[in-house]
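J.: Have a look at this one.
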Amino acid sequence: MAFATVTALPVVLARAARVCLAALACLTLLTAPGARAAPSDNVSRADSRAIRATVQSQFDAFARDDAVAAFALAGTATRAQFSTPEKFMTVVKARYQAVYRHRVAFFTDAERVAGGVVQSVRLTDADDRVWVALYRMAREADGKWRILGCELLETTSVST
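And the structure:
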C-alpha cells in the first residue's frame with residue numbers, strides 16, 4: 441500500500457503545482473499595477489450583457505451536446521486550432537467538465553484586464569465542487585463577442 445501512495449505522489453504534486461501556477465497567473469493578471477482599467481474604461485453595460493449572453497449560449501449548447509453551436513461561439517484562432525466542432529467538444533468534455541456540465545453558474549460583470557476583456561463565472565459542478573472560469577473575450581470583425589479561451593480553477597469556496 442505504501443508503494444501505491446509513493447508512486448501517486450508525483451501525480452498529486454504535479455496537479456497541485458498546476459493549480460498553484462494557474463492561481464498565481466490569475467492573481468498576477470488581476471492585481472498587476474495598471475491591470476484593472478480606470479472606471480471610464482470599464483466594459484459598457486451593453487457589451488457586458490452581450491459577453492454574458494455569448495458565454496451563456498455556449499453553456500446552453502454544451503447542455504444540448506450541440507458541438508456546432510458551441511464551436512461557433514469560440515474565437516477564430518480557437519476554431520482554427522481545433523479545426524472541427526467534434527475535436528473542440530472532445531477537449532471540453534475531457535478538460536472542462538465543470539464548464540460542460542454544471543449545476544449553477546454565477547456571472548460577475550465583464551472587466552477590462554491587462555488590455556483584454558475577461559468574464560468571470562463561478563460554477564458549481566454536479567459534485568458540489570466550486571470552480572471559477574475566467575473567459576478571455578474579444579469582439580471579432582463581424583462585431584460579435586467570441587470566446588478566446590477559458591482558464592478553469594477549482595476553489596475552496598462554499599457553493600450558493
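Mapping the sequence shown onto the working numbering, position 66 (from 1) lands on 506, and the numbers just tick up by one.
Glycine included, C-beta positions come from ideal geometry on N, C-alpha and C.
Owing to the predicted nature of the structure, the values given are computational and were not obtained by experimental measurement.
#1: Using 8 Å as the cut-off, can you tell me whether the segment 527-544 makes contact with the segment 554-571, which would need three or more C-beta pairs spanning the two stretches below that distance?
#2: Mapping DSSP to helix, strand and coil, what is Thr493?
#3: Can you round the beta-carbon distance between Pro576 and Gly555 to whole angstroms, since I take them to be within the 8 Å contact cut?
#4: Going by alpha carbons, who is nearest to Gln559 out of Arg485, Ala486, Val495 and Glu580?
#5: Could you tell me the distance, in whole angstroms, from the CA atom of Ala503 to the CA atom of Gln537?
#6: Enumerate in chain order the residues of its own chain whose CB-to-CB distance from Glu526 is below 7 Å, with the five nearest sequence positions on each side excluded.
#7: Expressed to the nearest angstrom, what Euclidean distance is found between the alpha-carbon atoms of Leu574 and Gln521?
#8: Mind checking whether Arg552 and Asn482 have CB atoms under 9 Å apart?
#9: Determine the burial state of Val531: buried for a count of at least 16 other Cβ atoms within 10 Å of its Cβ, exposed for fewer.
T.: In this structure, then:
#1: yes
#2: Mapped onto the sequence shown, residue 493 falls at position 53. Checking the displayed sequence, the identity of residue 493 turns out to be Ala instead of Thr. The answer is helix: DSSP assigns Ala493 an H, G or I state.
#3: Here the question's residue 576 lines up with position 136 in the sequence shown. Here the question's residue 555 lines up with position 115 in the sequence shown. This sequence places Arg at residue 576; Pro is not what is there. About 11 Å; that fails the 8 Å criterion.
#4: As a first step, residue 559 must be located in the sequence shown, where it is residue number 119. Comparing Cα positions, the closest option is Val495.
#5: Here residue 503 corresponds to residue number 63 of the sequence shown, with the count starting at 1. Here residue 537 corresponds to residue number 97 of the sequence shown, with the count starting at 1. Going by the C-alpha atoms only, they are around 11 Å apart.
#6: Translated into positions along the sequence shown, residue 526 becomes position 86. The answer, listed in chain order, is Ala507.
#7: Taking the first residue of the sequence shown as 1, we reach residue 574 at position 134. Taking the first residue of the sequence shown as 1, we reach residue 521 at position 81. Taking the straight line joining both Cα atoms gives about 19 Å.
#8: Numbered from 1 along the sequence shown, position 112 holds the residue referred to as residue 552. Numbered from 1 along the sequence shown, position 42 holds the residue referred to as residue 482. Taking 9 Å as the Cβ cut-off, Arg552 and Asn482 qualify as a contacting pair.
#9: The residue you call residue 531 lines up with position 91 of the sequence shown. By the neighbour-count rule (16 or more Cβ atoms within 10 Å), Val531 is not buried but exposed.
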